Amino acid sequence: MIDLDPQANVSLHIGKKHPSEVAVTCAELLLSDIEKLPQAIYEETNIPGVALIYGSLALGKAEDELKDDTPRPAEELRLKLQPLEDFMMLF
48 MIDLDPQANV SLHIGKKHPS EVAVTCAELL LSDIEKLPQA IYEETNIPGV ALIYGSLALG
108 KAEDELKDDT PRPAEELRLK LQPLEDFMML F
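In our numbering, the protein residues as written are 48 to 138.
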């Protein structure tokens, strides 16, 4: 589950931590190098078998920065998640 809501409603309901306690949220993932992907995925949630990339208030700012710094901001999330797709193809 990827929480793209700046209010982090999904994260508050299924996450084991409060979004403010999480080091790498969706916002940090979008604005950083792809190497942060493993740090952004939290496998311990309140729903067994469901992993979470937390949302945060910083997503509003991240969206603005992406528009300024990235030629195709709408594709940034897909690019950051590409290693997961490659990994899933192994199974």
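Ideal Cβ positions, reconstructed from N, Cα and C, are used throughout, including at glycine.
Computed from a predicted structure; not experimentally measured.
- When secondary structure is reduced to three states using DSSP, I81 falls in the helix class.
- Between I81 and L106, the alpha-carbon positions lie close to 17 Å from each other.
- DSSP lists L99 as the bridge partner or partners of Y89.
- Within the same chain, Cβ atoms closer than 6 Å to the Cβ of E123 are found at L77, L113, T117, the five residues on either side in sequence being excluded.
- As computed with DSSP, G62 is found in a beta bridge with T92.
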